[in-house]
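Residue numbers (our numbering): 327 to 676. We treat Cβ as the ideally placed atom computed from N, Cα and C, and that holds for glycine. Inspection log for the structure reproduced underneath, given as structure tokens.
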Amino acid sequence: MMQTAGRRLELGFLTFVAEGGSDGPGGALRDGLSLVRHAEDLGYDSAWVRVRHHEPYLSSPMTFFAAASQVTSRIALGTGVIPMRYEDPLRLAEDAATVDLLSGGRLELGLSNGIPPLAAALDPVHGTSERGFAGEAQHRIDVLRRALAGEPIAQAAAPYMGIPAGGDLTMTPHAPGLVDRLWYGAGSESTAVRTGRQGFDLQVSTLNTEETGEAFDIVQARQIRSYRKAFADAGHAGRRDARVSAGRIVLPFLDHHDAEAHQEFIEGYTSGMTSDGRPRGASPFPVRYSPVLSGDPEGIVERLLADEAVGETDGLVVVLPAEGSLEVHRRVLSAVAEHVAPHLGWTPAA
């Protein structure tokens, strides 16, 4: 049962910013900005973007958010998530701090290691590491955190622009508070525990990378509880509150046109998995996918209220299909804001 007593549920959405459409990549970016503005007008608390390299989706989230920060005034702007294995952490820190300052402190920086099976394709492009996939990703996450915190990242080997030899080099610009808005997208209990120990906020979404035989939401709820315990045990709770968001694919049908608009996506999504979310055929790692919550809004509300993981979170993130027109996605956000989220403890942000 969703725990809404005494708190306001936060509502966000997640989009791929897909390049499909007659206007090409430029049109997709403009549509993405329009969707963020629409969500802000509806009272959504946050707008999140997928990050995909070498695919026809958004690959440069900080550039996109720099633009979004200038056409919105309130909504938080977040990444869900940046795969750090192949990121330059210092350049990302500079870009993220710049966006955070431009937006007035609205950036939420979601991170992950990345997907290990992709190393065979991406290592020849981005280079290999003796630390291994996860080790290198975690090293880069630590460098990013220290840079955003304003800690020295190196000492000058020679005098540099007024800094004496041996003087500390720090990342600029500094965005106060951004280091406390780092999230990690976890898919297993062990990664959720590590996230808590690191003092990051937690994102759980539409897949789990561990298989216990239990229902999707039961496993995810345990991940969240273990994360909160690790966060508190590490002493972070005395500094700030832990935040958790859960992503779910939510597609309300207000009429038969909505059902027709999403039919192809739903059929494609469900055809590759069993009824309980397991993939059909071989998978490079254990995985379980969350169901699509579609149909009449009342039924969706009932399923979300019964979702044990959603009940453990602070925020619900509506995960939009990768493909789909701007009009279809705008209608999803409107339908959720008007017919679903108010019954879960959400009120539009002022």
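Do you know whose CA, among the options, lies nearest residue i's CA?
{"i": "E462", "options": "N439, A473, G493 and G476", "result": "N439"}
{"i": "H669", "options": "H655, L642, R472 and P647", "result": "L642"}
{"i": "F526", "options": "L340, D506 and A482", "result": "D506"}
{"i": "P351", "options": "D371, Y383 and G369", "result": "Y383"}
{"i": "V613", "options": "V644, Y370, M388 and V545", "result": "V545"}
{"i": "A512", "options": "A344, G346, Q549 and G671", "result": "Q549"}
{"i": "I592", "options": "A491, P647, E515 and G564", "result": "P647"}
{"i": "V377", "options": "G406, E590 and E536", "result": "G406"}
{"i": "A518", "options": "M487, E540, A556 and Q481", "result": "A556"}
{"i": "A675", "options": "L580, A423 and A402", "result": "A402"}
{"i": "R334", "options": "Y370, L435, S429 and A632", "result": "Y370"}
{"i": "R656", "options": "G430, V618, V576 and D543", "result": "V576"}
{"i": "A475", "options": "H500, D494 and I467", "result": "H500"}
{"i": "L504", "options": "E537, G404 and A635", "result": "G404"}
{"i": "T535", "options": "D357, A344 and E515", "result": "E515"}
{"i": "A541", "options": "R551, L580, A608 and D633", "result": "D633"}
{"i": "G346", "options": "G671, G650, W672 and T673", "result": "G650"}
{"i": "D494", "options": "G436, E586 and Q481", "result": "Q481"}
Residue j and residue i - do their beta-carbons sit closer together than 9 Å?
{"i": "V362", "j": "A392", "result": "no"}
{"i": "E420", "j": "T496", "result": "no"}
{"i": "A491", "j": "A483", "result": "yes"}
{"i": "T341", "j": "E366", "result": "no"}
{"i": "W509", "j": "L528", "result": "yes"}
{"i": "R432", "j": "R400", "result": "yes"}
{"i": "V645", "j": "F339", "result": "yes"}
Starting from the C-beta of residue i, find all residues in its chain whose C-beta is less than 7 Å away, skip the five residues before and the five after it, and write them out in chain order.
{"i": "D640", "result": "E336, R569, V570 and S571"}
{"i": "L679", "result": "A query on residue 679 cannot be resolved here, the shown segment of the chain reaching from 327 to 676 and no further."}
{"i": "R457", "result": "H465"}
{"i": "E653", "result": "none"}
Is residue i buried or exposed, if buried means 16 or more other CB atoms sit within 10 Å of its CB?
{"i": "D426", "result": "buried"}
{"i": "D452", "result": "The displayed chain sequence assigns His, not Asp, to residue 452. It counts as exposed."}
{"i": "T454", "result": "exposed"}
{"i": "M327", "result": "Low confidence applies to M327: its pLDDT is 40, below 50, so where it sits in the model is not reliable, and the reading given next is rough at best. Flag for M327 reads exposed."}
{"i": "A331", "result": "Unreliable placement is indicated for A331, whose pLDDT of 49 sits below 50; the coordinate value is still reported in the next sentence. With fewer than 16 Cβ atoms within 10 Å of its Cβ, A331 is classed as exposed."}
{"i": "P387", "result": "buried"}
{"i": "A373", "result": "buried"}
{"i": "D357", "result": "buried"}
Who are the Cβ neighbours of residue i in its own chain at under 8 Å, not counting the five residues just before and after it?
{"i": "F459", "result": "R411, N439, G440, P442 and A445"}
{"i": "P578", "result": "D584, S620, G621, D622, P623, I626, V658, A661, V662, H665 and V666"}
{"i": "P605", "result": "G598, M599, V613 and Y615"}
{"i": "Q329", "result": "Low confidence applies to Q329: its pLDDT is 47, below 50, so where it sits in the model is not reliable enough to give any reading."}
{"i": "E477", "result": "T496"}
So what does DSSP say about residue i, is it helix, strand or coil?
{"i": "A447", "result": "helix"}
{"i": "I575", "result": "strand"}
{"i": "A354", "result": "helix"}
{"i": "E634", "result": "coil"}
{"i": "F339", "result": "strand"}
{"i": "P605", "result": "strand"}
{"i": "A331", "result": "With a pLDDT of only 49 at A331, under the threshold of 50, the placement of this residue in the model should not be trusted; the figure read from the coordinates follows. Three-state DSSP puts A331 in coil, outside helix and strand."}
{"i": "G594", "result": "helix"}
{"i": "L659", "result": "helix"}
{"i": "D559", "result": "helix"}
{"i": "V397", "result": "helix"}
{"i": "Y553", "result": "helix"}
{"i": "S620", "result": "strand"}
Give every residue of the same chain whose Cβ lies closer than 6 Å to the Cβ of residue i, excluding the five residues on either side of it in the sequence, and list them in chain order.
{"i": "H562", "result": "G525"}
{"i": "V469", "result": "P415"}
{"i": "E522", "result": "A quick correction: the sequence has Gly, not Glu, at residue 522. The answer, listed in chain order, is Y553, A556 and F557."}
{"i": "P610", "result": "P443"}
{"i": "H588", "result": "L577"}
{"i": "Y672", "result": "One detail in the question is off: residue 672 reads as Trp in this sequence, not Tyr. For W672, where only same-chain residues beyond five positions count, the Cβ hits under 6 Å are L335 and L337."}
{"i": "A560", "result": "R523"}
Please tell me whether residue i has its Cβ less than 9 Å away from any Cβ of chain C.
{"i": "E413", "result": "Among the protein chains of the structure shown there is no chain C, as only one such chain exists."}
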